[in-house]
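Participant: Before I ask anything, let me first share the structure, which is written out below as structure tokens.
Residue numbers (the numbering used here), protein chains in the order written: chain A, 10 to 689; chain B, 33 to 362.
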């Protein structure tokens, strides 16, 4: 086990602006689709217009005659790929269509305009087969022990909550510029981690991993959809090899909706049994989600309920239905985001039923050990967050009755919810070199997807080396730096900083120019997996004030507050920005985001940003975030927990609970649309 | 997007001549805020774009009868900010500012706004059937995603809504559309400008083929100076309305003397609520009258599975807006 060791004070914990901020706002920062390469060709994908079946014919001749067209890859002529676990990457390998929007051809041309014109003109005929895309589960819990505990409870809640399909929409779409030279593959790729992209490409193309280089210096967001490779990087590499010239491929916004993943819709039933004072006696959480025929993806929406509250009888169950749909994947706080909406809404219903304040109810049900498995928590500040949040938000003295407060045409309500996300670290390699000028260069295949990771890691390295930040350069986003954890699972910061602190310490107290060191945390992290299970999580409390116009059904959030227990804060500026970003996305989830599956056509009908609404600035009120003092010696030398995801957890429930408080109408289905408010 | 030719004629007549030469394969482009999107989506495939944004149709001028004439190339932002418009037709300014984003309003023109296309998701997806885009292929919206489609004035063939905010106050205050074609100059009242979809939803306006909009006029109106526009939308900004209203009411001695009501996001065209207006004139200005007037208009509503909420929404919107305008308790 690693104890928390003292670091040089100074950089860690200070409010530092993003190092690359000026490069980004001035356009100097280069993203994956911005690297100029000689002889560059441009790809455009053609997507299936059937849901399930096979390709009968692709008439490439007419398109090959179009001006500027270099070639067309289809399942007939595309390079063969080796099998990998992720079948969504085995593109253009056979004539089968598994979902509407699947890539059936890639047109490559001298310009993006020519490529798109040719892609639009390509004639593909299909043999369609019947399909099933309808996600409409009846959530019926299996009988079990929990039924007896529920039957014996004086107070019970039994409600079904649904969340729709939601799509990750990073500002930068999935994009790759790929080049082969002398059998070495280099890709400039928009991803959350170079390591899995490199490994997967090597496996797919059957080449040595060290002949593949993945570069992702700047990435314009991912929200989980770039955590592992997506078809763009495979197609670009395939085309670059087939046509023997560098190829750039950028998915359009519309294409993103089928090709890069999304959050599965969920239907969740929560049954709570409690005594009259609101102490839980039984908790049953059943969640249904969907996956595709290509991959078993399990959202595990009930995992949240295995961590939060002490219920003597606890049961959770996740059921996954396989449909002819695009494959759902990670989206910010997979599992916890939808799972917390169900449980935290049900807890609010329980508070109402018991006549107990919603904060007090949660405090009463705080867990000493992790309810799902009895593991000890490395740290747990839920109660502190609830208490401090209540204080800051002015919760004390709140009239619990719904519909009691009005402001002009608006009914005003407030609501709360807890938040939780896992905190952990994963093996990572880092190296450090002392330059002839005495400056230090740290190399690590970390990713900065807009989080400020590059800046925070520079702070960490500077302290570990005991030098000012301006003597350290942290180079990220290069697979040649060795394997590293991705920017995902809220594990990036803990994993990378651990590796950096270790390798910097290896240099010794007064390193000489030219000296260097490389180290991995693999052995340390593996060794601690041998010990007793430790429950490592961040916790938090969310507060919302909303206005509801009952004439029109409009809901507007007026205020959000989040208080979190997230261990050591490396950079308060970037941490604050991550938490606000997560809460904003939670607001968006609560009120707006929803992809409509058309069962006849088998696709998400509103597949662009005109039809799929994401919160705008005007929707986002003053959001306040803060954190409680929390020390966690179990999360590497810094004791820092990740903050990328917890901000979205619980936000939607806090808003739905506030809408109830404003109107007296429970909103159990997201998003809370005007029609639902009007018809409630 | 497909390849296209591009011309910048130096006069309206030259633009008309280019349109005539290309017989249906040419499109007028001005701000391009809607057309370019549709070209990218492969919904529009013009062989030629005739860019009229350089033509001198960008004046806002008071007319002899005290109304205002607005050139077709006036940018939405300029129109919304113009003192004449703000003073005499506040609902017009409010409607424009409620629409789109600052960037779009800086590009979008008056003429283009009147001709913008529906945002029905089946119309904008070239891989799907749509009677408006490909006549005779059917209307998947009727049984599909139609939460924001029409409850009034639609047909079996099409339930698309006109997305314009700006056109709603124009309908309320009897705007006239000025056009020029091979026939010369012709004025078309806005009430006759939009066609009911019937079984030809691809024919959206009465603008003759090959003609261009040169401007619009708003007649003088005392009522309009006291008008308001209210837009209801799921998102606080940068979203199309799910229901909107432009209205003005003249109450004398507690009785409705005159009233104008037009609705947006409920019909294939900006919807002048004449039934509601008729139900109100010479009636007491009370909450009950306002609700009864709304019901009179909504008698004709034909809601579908997922847009039935628009009926109470519009009823409340009419009643609330008129109550606010006439300072009556709703």
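Every residue gets a Cβ at the ideal spot worked out from N, C-alpha and C, and that includes glycine.
#1: So is residue 374 of chain A buried or exposed if we call it buried at 16+ other beta carbons inside 10 Å?
#2: Excluding the five sequence neighbours on either side, which residues of its own chain have a C-beta within less than 8 Å of the C-beta of residue 458 of chain A, listed in chain order?
#3: For residue 684 of chain A, which residues in the same chain have their Cβ closer than 7 Å to its Cβ, ignoring the five residues on either side in sequence?
#4: If you draw a straight line from the alpha carbon of residue 549 of chain A to that of residue 670 of chain A, how long is it in whole angstroms?
#5: How many angstroms separate the CA atom of residue 40 of chain A from the CA atom of residue 513 of chain A?
#6: How would you label residue 180 of chain B, buried or exposed, when you count the other beta carbons within 10 angstroms and need 16 or more for buried?
#7: Can you tell me the Cα-Cα spacing of residue 317 of chain A and residue 113 of chain A, whole angstroms?
#8: In chain order, what residues of the segment 656-683 of chain A put their CB closer than 9 Å to some CB of chain B?
#9: So with CB distances below 7 Å, who are the chain B contacts of residue 622 of chain A?
#10: What would DSSP say about residue 297 of chain A, mapped onto helix, strand or coil?
#11: Do the segment 591-607 of chain A and the segment 536-548 of chain A make contact, defined as three or more Cβ pairs closer than 8 Å?
#12: According to a CB-to-CB cut-off of less than 8 Å, which residues of the segment 171-184 of chain B neighbour chain A?
#13: Output the residue ranges of the beta strand (DSSP E) runs that lie fully inside the segment 225-282 of chain B and measure 3 residues or longer, sorted by chain position.
#14: Starting from the C-beta of residue 128 of chain A, find all residues in its chain whose C-beta is less than 7 Å away, skip the five residues before and the five after it, and write them out in chain order.
#15: Could you list which residues in chain A have their beta carbon closer than 7 Å to that of residue 330 of chain B, in chain order?
#16: Taking the runs of the beta strand (DSSP E) that are 3 residues or longer, which of them lie wholly in the segment 376-449 of chain A?
#17: Is the segment 87-103 of chain B touching the segment 158-166 of chain B, taking contact as three or more C-beta pairs under 8 Å?
#18: Could you name the residues that DSSP lists as bridge partners for residue 170 of chain A?
#19: Quick check on residue 56 of chain A: does DSSP put it in helix, strand or coil?
#20: Where residue 213 of chain A and residue 468 of chain A are concerned, what is the direct C-alpha to C-alpha distance, given to the nearest angstrom?
#21: Candidates A:187, A:403, A:164, A:328: which alpha carbon is nearest residue 286 of chain A's?
#22: Check whether the segment 200-215 of chain B touches the segment 252-270 of chain B, counting contact only when three or more Cβ pairs, one atom from each stretch, lie closer than 8 Å.
#23: Just to make sure I have the definition right: I need the residues of chain B whose C-beta is within less than 9 Å of the C-beta of residue 271 of chain A. Which are they?
#24: Indicate whether at least one CB of chain B lies closer than 8 Å to the CB of residue 707 of chain A.
#25: Count the other CB atoms, across all protein chains shown, that sit within 10 Å of the CB of residue 30 of chain A; report buried if there are 16 or more and exposed otherwise.
#26: Assign residue 673 of chain A to one of three DSSP states: helix, strand, or coil.
#27: At a CB-CB cut-off below 7 Å, which residues of chain B make contact with residue 687 of chain A?
#28: At what residue ranges does the segment 322-360 of chain B contain a whole run of the beta strand (DSSP E), taking only runs of 3 or more?
#29: Assuming residue 298 of chain A and residue 329 of chain A make a contact with CB atoms under 8 Å, what is their CB distance in whole Å?
#30: Under a CB-based cut-off of 8 Å, is residue 350 of chain A close to chain B?
#31: Going by C-alpha to C-alpha distance, which of A:531, A:388, A:656 sits closest to residue 642 of chain A?
#32: Looking only at C-alpha atoms, which of B:331, B:285, B:242 sits nearest to residue 57 of chain B?
#33: What are the boundary residues of the beta strand (DSSP E) that includes residue 194 of chain A?
#34: At 7 Å on the CB atoms, spell out the chain B contacts of residue 90 of chain A, in chain order.
#35: State the Cα-Cα distance for the pair residue 319 of chain B and residue 355 of chain B, rounded to the nearest angstrom.
#36: Consult DSSP for residue 499 of chain A and reduce its assignment to one of helix, strand or coil.
Facilitator: On the basis of the data shown:
#1: Taking the first residue of the first chain as 1, we reach residue 374 of chain A at position 365. With 16 or more Cβ atoms within 10 Å of its Cβ, residue 374 of chain A is classed as buried.
#2: Working through the first chain from its first residue, we reach residue 458 of chain A at position 449. Result list for residue 458 of chain A: 179, 201, 228, 229, 230, 231, 235, 496, in chain order.
#3: As a first step, residue 684 of chain A is located in the first chain; it is residue number 675 there, counting from the start. So the list reads 562, once near-sequence residues are dropped.
#4: Walking along the first chain from the start, residue 549 of chain A turns up at place 540. Walking along the first chain from the start, residue 670 of chain A turns up at place 661. Taking the straight line joining both Cα atoms gives about 21 Å.
#5: As a working note, residue 40 of chain A is residue 31 in the first chain. As a working note, residue 513 of chain A is residue 504 in the first chain. Using only the alpha carbons, I get a separation of about 29 Å.
#6: Your numbering for residue 180 of chain B matches position 148 in the second chain. That one is buried.
#7: As a working mapping, residue 317 of chain A is identified with position 308 in the first chain. As a working mapping, residue 113 of chain A is identified with position 104 in the first chain. In a straight line, the C-alpha of residue 317 of chain A is about 45 Å away from that of residue 113 of chain A.
#8: 680, 682, 683
#9: Taking the first residue of the first chain as 1, we reach residue 622 of chain A at position 613. Below the 7 Å Cβ cutoff, chain B contributes 266, 267, 271 as neighbours of residue 622 of chain A, in chain order.
#10: Taking the first residue of the first chain as position 1, residue 297 of chain A is located at position 288. Residue state for residue 297 of chain A is assigned as strand, using DSSP reduced to three classes.
#11: Not touching, per the Cβ criterion.
#12: 172, 175, 176, 177, 179
#13: 244-250, 260-264
#14: Counting from one through the first chain, the residue named residue 128 of chain A turns up at place 119. For residue 128 of chain A, where only same-chain residues beyond five positions count, the Cβ hits under 7 Å are 53, 54, 55, 116.
#15: Along the second chain, read from residue 1 onward, the residue named residue 330 of chain B stands at position 298. Those do not exist, as residue 330 of chain B stays about 14 Å from chain A at its closest Cβ, beyond 7 Å.
#16: 385-388, 414-416, 419-431, 438-443
#17: no
#18: Your numbering for residue 170 of chain A matches position 161 in the first chain. Per DSSP, A:277.
#19: Reading the first chain from its first residue, position 47 is the one you call residue 56 of chain A. In this structure, residue 56 of chain A counts as strand in the three-state DSSP scheme.
#20: The residue given as residue 213 of chain A occupies position 204 in the first chain. The residue given as residue 468 of chain A occupies position 459 in the first chain. Taking the straight line from one Cα to the other gives about 37 Å.
#21: For the purposes of this step, residue 286 of chain A is taken as the residue at position 277 of the first chain. Checking every option, the nearest Cα to that of residue 286 of chain A belongs to A:164.
#22: yes
#23: Counting from one through the first chain, the residue named residue 271 of chain A turns up at place 262. What residue 271 of chain A touches in chain B: nothing, since even the nearest Cβ is about 16 Å away.
#24: This structure gives no information on residue 707 of chain A, because the portion of chain A shown stretches from 10 to 689.
#25: Locating residue 30 of chain A in the first chain gives position 21, where the first residue counts as 1. Classification of residue 30 of chain A: exposed, given that the 10 Å Cβ count is below 16.
#26: Reading the first chain from its first residue, position 664 is the one you call residue 673 of chain A. Coil.
#27: Your numbering for residue 687 of chain A matches position 678 in the first chain. Correct list: 341, 344, 345.
#28: Whole beta strand (DSSP E) segments, 3+ residues: zero.
#29: Residue mapping note: residue 298 of chain A aligns to position 289 of the first chain, counting from 1. Residue mapping note: residue 329 of chain A aligns to position 320 of the first chain, counting from 1. Sure, about 5 Å apart at Cβ, within 8 Å.
#30: For the purposes of this step, residue 350 of chain A is identified with residue 341 of the first chain, where counting begins at 1. Taking Cβ atoms only, chain B never reaches closer than 8 Å to residue 350 of chain A, which makes this a no.
#31: Translated into positions along the first chain, residue 642 of chain A becomes position 633. Of the candidates A:531, A:388, A:656, the one whose C-alpha sits nearest the C-alpha of residue 642 of chain A is A:388.
#32: By one-based count along the second chain, residue 57 of chain B stands at place 25. Residue B:242 is the option with its Cα nearest to residue 57 of chain B.
#33: Residue numbering aside, residue 194 of chain A sits at position 185 when the first chain is read from its first letter. Start and end: 193-198.
#34: By 1-based counting over the first chain, the position of residue 90 of chain A is 81. Neighbours of residue 90 of chain A on chain B: none; closest Cβ ~27 Å, over 7 Å.
#35: Reading the second chain from its first residue, position 287 is the one you call residue 319 of chain B. Reading the second chain from its first residue, position 323 is the one you call residue 355 of chain B. So the two alpha carbons sit approximately 6 Å from each other.
#36: Numbered from 1 along the first chain, position 490 holds the residue referred to as residue 499 of chain A. Of the three classes helix, strand and coil, the one that applies to residue 499 of chain A here is coil, per DSSP.
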